[in-house]
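**Student:** Residue numbering for the sequence shown follows the UniProt record's numbering, starting at 1 and increasing by one per position.
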Amino acid sequence: MKSIFANSFDAESAATAAIEVFGNEAATAVAYCALDAWTERRDDDYKFWFNVFSRLTGLPATSSTH
Numbered sequence: 001m002k003s004i005f006a007n008s009f010d011a012e013s014a015a016t017a018a019i020e021v022f023g024n025e026a027a028t029a030v031a032y033c034a035l036d037a038w039t040e041r042r043d044d045d046y047k048f049w050f051n052v053f054s055r056l057t058g059l060p061a062t063s064s065t066h
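(1) Quick check on ALA9: does DSSP put it in helix, strand or coil?
(2) On the criterion of 16 or more Cβ atoms from any shown chain inside 10 Å, does ARG55 qualify as buried, or is it exposed?
(3) Distance check for GLU40 and PRO60, CA to CA, integer angstroms please.
(4) CB-CB under 7 Å to ILE19, same chain, minus the five flanking residues each way: which ones, in chain order?
(5) Helix, strand or coil: which one does DSSP assign to LEU59?
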């Protein structure tokens, strides 16, 4: 999903866009993006999507070291 956004997209803007596109399922959609990045060992993408997920769910972003 990140590829549909501009490279300069920040986590706050991505969270807003995810809500606009996916509505109540935004956190789930973003979680799948984070999981996909994590399983493919794309660390920067994983950190980005975990940060977006954290904004959507209220979780602290410091947990992204999993």
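Even for Gly, the Cβ is constructed at its ideal location relative to N, Cα and C.
If you're wondering where the values come from, they're calculated on a predicted model, not measured in any experiment.
**Tutor:** So, to answer that:
(1) Contrary to the premise, residue 9 reads as Phe rather than Ala in this sequence. In the structure shown, PHE9 sits in coil (DSSP, three-state: anything other than H, G, I, E or B).
(2) buried
(3) C-alpha of PRO60 to C-alpha of GLU40: approximately 23 Å in a straight line.
(4) ALA26
(5) In this structure, LEU59 counts as coil in the three-state DSSP scheme.
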